[in-house]
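Accompanying notes for the structure given below.
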Amino acid sequence: MDEQPRLMHSHTGVGMAGHPGLPQHMQEGTGGTDGDGRKQDIGDILQQIMTITDQSLDEAQARKHALNCHRMKPALFNVLCEIKEKTVLSIRGAQEEEPPDPQLMRLDNMLLAEGVSGPEKGGGSAAAAAAAAASGGAGADNSAEHSDYRAKLSQIRQIYHTELEKYEQACNEFTTHVMNLLREQSRTRPISPKEIERMVSIIHRKFSSIQMQLKQSTCEAVMILRSRFLDARRKRRNFNKQATEILNEYFYSHLSNPYPSEEAKEELAKKCAITVAQVSNWFGNKRIRYKKNIGKFQEEANMYAARTAVNAANASSHGSQANSPSTPNSAGETGMLSGCYRKLLLFFFFFFSFV
DNA sequence: GGAGATGATTGAAG
DNA sequence: CTTCAATCATCTCC
1 MDEQPRLMHS HTGVGMAGHP GLPQHMQEGT GGTDGDGRKQ DIGDILQQIM
51 TITDQSLDEA QARKHALNCH RMKPALFNVL CEIKEKTVLS IRGAQEEEPP
101 DPQLMRLDNM LLAEGVSGPE KGGGSAAAAA AAAASGGAGA DNSAEHSDYR
151 AKLSQIRQIY HTELEKYEQA CNEFTTHVMN LLREQSRTRP ISPKEIERMV
201 SIIHRKFSSI QMQLKQSTCE AVMILRSRFL DARRKRRNFN KQATEILNEY
251 FYSHLSNPYP SEEAKEELAK KCAITVAQVS NWFGNKRIRY KKNIGKFQEE
301 ANMYAARTAV NAANASSHGS QANSPSTPNS AGETGMLSGC YRKLLLFFFF
351 FFSFV
């Protein structure tokens with residue numbers, strides 16, 4: 001029977017003696033020396049434990065209150081807190097400092113770049129802006145496409161934000177609820193603030209995984225929209241004849257160095273009603289295609305060279321009209337030509353044709 | 001429908 | 001950053 005002293009010890013150690021909420025016989029038992037009396041006490045306690053589930057809620061509350069008011073309770077509670085703190089810290093050691101999820105970062109970056117998350121950029125996205133620049137001067141149908149794109153993107157944005165708000169609200173509500181529960185429970189069992197913090201972070205992690213799904217689907221929607229839009233952008237239009245003539249004229253009149261400066265590009269872009277990027281593209285394509293097959297472009301080169309020569313001659317004779325050297329109106333121009341210039345044109349044409 | 005022309009895109013190089 | 005070179009996707013002409 002060496003269990004008996006231990007039980008007794010534990011009984012006194014836990015310190016229920018003098019507790020106002022405990023039955024008198026239990027309090028007496030702590031200081032008692034009578035073996036039978038002690039046995040009786042233990043029997044009573046066991047009986048109480050066994051019947052505790054049968055007690056009414058009010059009775060249980062009374063016992064809870066009694067326990068809370070016990071004089072040894074704070075000391076015991078602190079000890080338990082310390083033990084718990086150590087345990088929790090050792091558990092946390094392995095879990096903490098986890099790096100941010102790269103996939104989530106990617107999704108966040110993409111949503112930000114597309115203008116879905118973050119501040120609204122007037123509905124404009126990188127794709128819309130790029131396409132707007134690339135399609136330059138293409139006209140009303142393109143701006144209609146852009147507005148369509150913007151409208152759809154804004155729709156996605158709205159849904160995303162509504163859902164995100166819902167998730168955040170639900171997360172906050174749930175977190176508050178759990179925290180209240182834990183605070184309430186912390187009065188009867190040791191729950192450290194760190195433990196609450198950990199619980200909150202667990203909840204946040206769970207909700208952020210739900211949020212990630214939302215972000216994933218939003219990204220997919222944007223990608224689909226964007227790919228459709230970019231496909232539409234690929235439906236290019238050839239530049240109009242006048243624009244091509246302006247570009248060709250510049251190209252062949254600068255054949256020794258067909259690299260227009262930024263200013264020249266801007267001017268050409270303005271004249272052709274296209275973007276500077278399109279001018280750059282055009283010159284890039286032209287240079288490479290010309291170089292690849294000079295023979296094929298010879299006739300074209302001769303024609304533009306002749307035209308340039310005529311323009312130059314024209315400019316010298318009509319000094320005041322020289323401010324538009326690169327875009328002659330062929331029909332009008334020919335009509336204005338004197339016999340002398342017509343001869344000159346023919347000379348240049350044939351000269352360059354046989355060179 | 002096919003061939004060639006043409007504007008745009010992409011990746012490498014400087 | 002610009003330019004080159006290759007390539008793609010579409011347009012235009014026959």
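With the first letter of the first sequence counted as 1, position 238 gets the number 238 in the UniProt record's numbering; the numbers rise by one all the way through. Yeah, the Cβ is synthetic: ideal placement off N, Cα and C, and Gly gets one too.
- Taking a cut-off of 8 Å on C-beta distances, the stretch 199-218 touches the stretch 164-181, as three or more cross pairs fall below it.
- Sequence-distant Cβ neighbours of P190 in its own chain, meaning closer than 7 Å and more than five residues away, are F77, L80, C81 and K84.
- Taking I156 as reference, the option from Q185, E168, N172 and E114 with the minimal CA-CA separation is E114.
- Note on the stretch 229-273: whole alpha helix (DSSP H) runs with a minimum of 4 residues are 241-253 and 262-272, in chain order.
- With respect to Y252, P260 sits apart: the two C-beta atoms are not nearer than 8 Å.
- When the beta-carbon positions are compared, L268 and A301 stay at least 8 Å from each other.
- The stretch 206-214 makes contact with the stretch 154-168: 3 or more CB pairs, one atom from each, lie closer than 8 Å.
- Between P258 and F283, the C-beta gap is smaller than 8 Å, which places the two residues in contact.
- I196 sits close to L182, with the two beta carbons spaced by under 8 Å.
- Counting along the chain, N314 sits inside the alpha helix (DSSP H) bounded by residues I294 to S317.
- Here E114 carries a coil assignment [DSSP, helix/strand/coil].
- With fewer than 16 other CB atoms across the displayed protein chains lying within 10 angstroms of its CB, K194 is exposed.
- Look at H70 here: in three-state DSSP terms it is coil, with no helix or strand label.
- Here the alpha carbon of K73 sits roughly 16 Å from the alpha carbon of Q61.
- In the three-state reduction of the DSSP assignment, Q216 falls in the helix class, which pools H, G and I.
- Ranked by how close their Cα comes to the Cα of R63, the residues N285, L107, V279 and T188 have T188 in first place.
- Rounded to whole angstroms, the gap between the alpha carbons of E262 and Q158 is 40 Å.
- When the five nearest sequence neighbours on each side are left out, the beta carbons in the same chain lying within less than 8 Å of the beta carbon of L111 are those of S117, G118, Y160, K215, T218, C219 and V222, in order along the chain.
- For D54 and N68, the gap between their C-alpha atoms comes out near 21 Å.
- Nearest to R307 by C-alpha distance, out of N281, R289, N248 and E266, is N248.
- Each residue's CA atom was taken as its position, placing A243 and A277 some 14 Å apart.
- Our two residues, E184 and S192, have alpha carbons roughly 12 Å apart in a direct line.
- Taking Y304 as the centre and dropping the five residues before and after it, the same chain places the C-beta of N248, E249 and Y252 closer than 6 Å to its C-beta, in chain order.
- Taking C-alpha positions only, E163 is separated from A273 by approximately 43 Å.
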